[in-house]
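In short: position in the sequence shown from 1, add 1, done, that's the working numbering. This report concerns only the one structure given below.
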Amino acid sequence: MTSLITLSTDLIREAGGYTISIVSIIVVFAALGILVAIFMSIPKILEMSIKNKLKKAGKEEPNQKINVEANVNVAIAMALHLYFDELHDEESNIITIHNAPKQYSPWSSKIYGVQNQPVKK
Numbered sequence: 002m003t004s005l006i007t008l009s010t011d012l013i014r015e016a017g018g019y020t021i022s023i024v025s026i027i028v029v030f031a032a033l034g035i036l037v038a039i040f041m042s043i044p045k046i047l048e049m050s051i052k053n054k055l056k057k058a059g060k061e062e063p064n065q066k067i068n069v070e071a072n073v074n075v076a077i078a079m080a081l082h083l084y085f086d087e088l089h090d091e092e093s094n095i096i097t098i099h100n101a102p103k104q105y106s107p108w109s110s111k112i113y114g115v116q117n118q119p120v121k122k
């Protein structure tokens with residue numbers, strides 16, 4: 002006995018299924034757009050509030066750029082590199098591989114299943 006299953010889209014149209022689908026997709030993407038706008042504006046809002054607090058306290062943000070010679074920058078970078086490089090252990094770069102003897106483990110041994118047949122009475 003075979004039966005044919007047919008999908009009728011008439012009921013979907015009557016119930017407004019396409020409308021609900023389109024509206025829900027639009028709502029989801031609108032919500033995502035609003036969240037992106039909020040998350041992108043948070044740093045700007047925080048920066049403005051910090052500037053306002055500094056102005057109220059009478060302190061102004063220093064806008065001076067310090068010009069340092071290239072030799073000084075190189076010396077600082079090299080000192081930092083040497084300092085952070087010392088944090089690692091000295092290694093001999095020799096790799097030794099030893100074969101570990103395998104210990105016998107009967108959990109997967111088939112001889113126990115073959116030799117210990119249940120006694121049928």
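Just so it is clear, CB atoms sit at the ideal spot from N, CA and C, and this is done for glycine as well.
- Judged by DSSP in its simplified three-state form, Pro44 adopts helix.
- For Tyr84, the enclosing alpha helix (DSSP H) begins and ends at 71-86.
- The three-state secondary structure of Ile21, taken from DSSP, is helix.
- When secondary structure is reduced to three states using DSSP, Ser93 falls in the coil class, being assigned neither helix nor strand.
- A direct Cα-Cα distance of roughly 17 Å separates Lys56 from Gln65.
- Annotation: Thr20 to Ser50 spans about 44 Å, alpha carbon to alpha carbon.
- Rounded to the nearest whole angstrom, the CA to CA distance from Ile27 to Glu48 is 33 Å.
- DSSP places Ile67 in the coil class of the three-state scheme, outside both helix and strand.
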